[in-house]
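Colleague:
Okay, structure coming up:
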């Protein structure tokens, strides 16, 4: 199904209905959420939250490989669709990911999965599109309200019957490690090149295309669109916070194994850092080409009535951006949450570097999407 969809190659395509098709009723709709993510982020664990948020995507993608899956990353959670032949094993992988997050990091990951038909019965429609900024690196785009309905149910804020149906039994967690191969981030936080990194969530706007164009205009980004990664701010981090997190994601038990993996990850990262510094290629890795691919293969999030994006913005444009959003919120046209930082954080899902198959999930620093969502919830409570 997903591989037969017409690819959206430009951001503006994401807002065009012609690119979306109904998800098959027998496919499995998946939503995950890090419970207590705000507290964890405020305690300095944002990078861990991001990794756990992306873990289900890695596990499901590895399960279904080489098939491409529609998926989205939301900072502290994810959404995906899984074909029916993998449904039962997908539930097992989700149970393993939940147990792994709890045992290894002390983080509670909520996971839920139901057939698309069950979402339809609950009143939601799932339309799916294929955003493919470069060949072989697709993301899922969702419309129709169904994925949001499932997400709210998994978060225990929505339809209780759908929530009960989506539950994944603890008994499915056999204690084995989920296959998180490819999940990493060996890069330093991406510093702003223009003055401010914006993590923005907008809910309820009826015309996302107009909204996106307005955001580009207000942030002086009309030429290139809303972006954060650039050749100037992509620098391998050695050793970084992510080195230990990635070491703990590997298969095998015991701290001896973790430290062996830490040394392996640190050595690989140091080599990449040297290659990037010298501008030298090795074993299919071309630093300049890879930087360009990272800039292109960055996640852009749209599902149902939610738009989420991390982008670089001139400092002097931030207040104008906020004023625009405040004015439209006051008119009841949208609700929003916005977090300003001087860095962005990146989690990577790497398939084959030599073939250019790798995608990257962005979050704003200083809490990013999580803190933007906190503001969004506060605004909703006032209404």
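Numbering (my numbering), first residue to last: 47 to 429. Think of the CB as a built atom: it goes at the ideal place given N, C-alpha and C, for glycine as much as any other residue.
Measuring only the C-alpha atoms, how far is residue 367 from residue 265?
Modeller: Spanning the two alpha carbons is a distance of roughly 7 angstroms.
Colleague: Tell me, to the nearest whole angstrom, how far the beta carbon of residue 49 is from that of residue 114; I am working on the premise that it is less than 8 angstroms.
Modeller: With a Cβ gap of about 6 angstroms, residue 49 and residue 114 count as contacting.
Colleague: Use the C-beta contact count for residue 55: other C-beta atoms within 10 angstroms, 16 or more gives buried, fewer gives exposed.
Modeller: It counts as exposed.
Colleague: For residue 314, write down the residues that DSSP places opposite it in a beta bridge.
Modeller: Its beta-bridge partners do not exist; DSSP assigns none.
Colleague: Considering only DSSP beta bridges, list what residue 171 is partnered with.
Modeller: DSSP lists 191 as partners of residue 171.
Colleague: Are the beta-carbon atoms of residue 18 and residue 243 separated by less than 8 angstroms?
Modeller: Residue 18 lies beyond the range of the chain shown here (47 to 429); nothing can be said about it.
Colleague: For residue 6 and residue 237, I'd like the C-alpha separation in whole angstroms.
Modeller: Not covered by the structure: residue 6. The range shown for the chain is 47 to 429.
Colleague: Near residue 51, which residues of its chain fall below 8 angstroms by C-beta distance, leaving aside the five closest residues on each side in sequence?
Modeller: The answer, listed in chain order, is 65, 67, 174, 175 and 176.
Colleague: Using C-beta distances below 8 angstroms, list every residue in its chain close to residue 209, excluding the 5 sequence neighbours before and after it, in chain order.
Modeller: These residues qualify, in order along the chain: 158, 199, 200 and 202.
Colleague: Considering residue 387, what are the terminal residues of the beta strand (DSSP E) in which it resides?
Modeller: Run containing residue 387: 381 to 387, per the beta strand (DSSP E) assignment.
Colleague: Threshold first: 3 residues or longer. Then list the beta strand (DSSP E) segments lying entirely within the region 241 to 279, N to C.
Modeller: Fully enclosed beta strand (DSSP E) runs of 3 or longer: 241 to 249.
Colleague: Rounded to whole angstroms, what's the CA-CA distance from residue 190 to residue 171? Just pull it up for me.
Modeller: Spanning the two alpha carbons is a distance of roughly 5 angstroms.
Colleague: Taking all protein chains shown into account, do 16 or more other C-beta atoms lie within 10 angstroms of the C-beta of residue 327, making it buried, or fewer, making it exposed?
Modeller: Residue 327 should be labelled exposed.
Colleague: Output the distance between the C-alpha atoms of residue 357 and residue 216, rounded to the nearest integer angstrom.
Modeller: Near 38 angstroms, if we compare the C-alpha coordinates of residue 216 and residue 357.
Colleague: With a threshold of 16 other CB atoms inside 10 Å of the CB of residue 323, please say whether the residue is buried or exposed.
Modeller: So residue 323 counts as exposed.
Colleague: Counting only the same chain and skipping the five closest in sequence on each side, list residues whose C-beta sits under 7 angstroms from that of residue 151.
Modeller: The residues are 94 and 98.
Colleague: Assign residue 261 to one of two classes, buried (16 or more other C-beta atoms within 10 Å of its C-beta) or exposed (fewer than that).
Modeller: Its Cβ being crowded by 16 or more others within 10 Å, residue 261 is buried.
Colleague: With distances taken Cα to Cα, identify the nearest neighbour of residue 379 among 197, 145, 254 and 413.
Modeller: It is 254 whose Cα lies nearest to the Cα of residue 379.
Colleague: Nearest by alpha-carbon distance to residue 166: which of 141, 145, 178 and 192 is it?
Modeller: That would be 192, whose Cα lies nearest to the Cα of residue 166.
Colleague: Within 7 angstroms: the Cβ of residue 410 and any heavy atom of the ligand COA?
Modeller: Absent from the structure shown: the ligand COA. Ligands present: none.
Colleague: Check each candidate in 402, 397, 295 and 290 and name the one with the smallest Cα separation from residue 342.
Modeller: Among 402, 397, 295 and 290, the Cα nearest to that of residue 342 is on 402.
Colleague: Exposed or buried, what is residue 73 when buried is set at 16 or more other beta-carbons lying within 10 Å of its beta-carbon?
Modeller: Classification for residue 73: buried.
Colleague: Tell me the residue span of the alpha helix (DSSP H) that contains residue 145.
Modeller: Element bounds for residue 145: 133 to 151.
Colleague: Between which two residues does the alpha helix (DSSP H) containing residue 327 stretch?
Modeller: Here residue 327 belongs to no alpha helix (DSSP H), and DSSP marks it neither H nor E.
Colleague: Report yes if the C-beta distance between residue 240 and residue 359 is below 8 angstroms; otherwise report no.
Modeller: Contact flag set, yes.
Colleague: Would you identify the three-state DSSP class for residue 305, choosing helix, strand or coil?
Modeller: Three-state DSSP puts residue 305 in a helix.
Colleague: Does DSSP put residue 227 in a helix, in a strand, or in coil?
Modeller: The answer is coil: DSSP assigns residue 227 none of H, G, I, E or B.
Colleague: In three-state terms, what does DSSP make of residue 221?
Modeller: Residue 221 falls in the coil class under three-state DSSP.
Colleague: I need the DSSP call for residue 83, collapsed to helix, strand or coil.
Modeller: DSSP places residue 83 in helix when its eight states are reduced to three.
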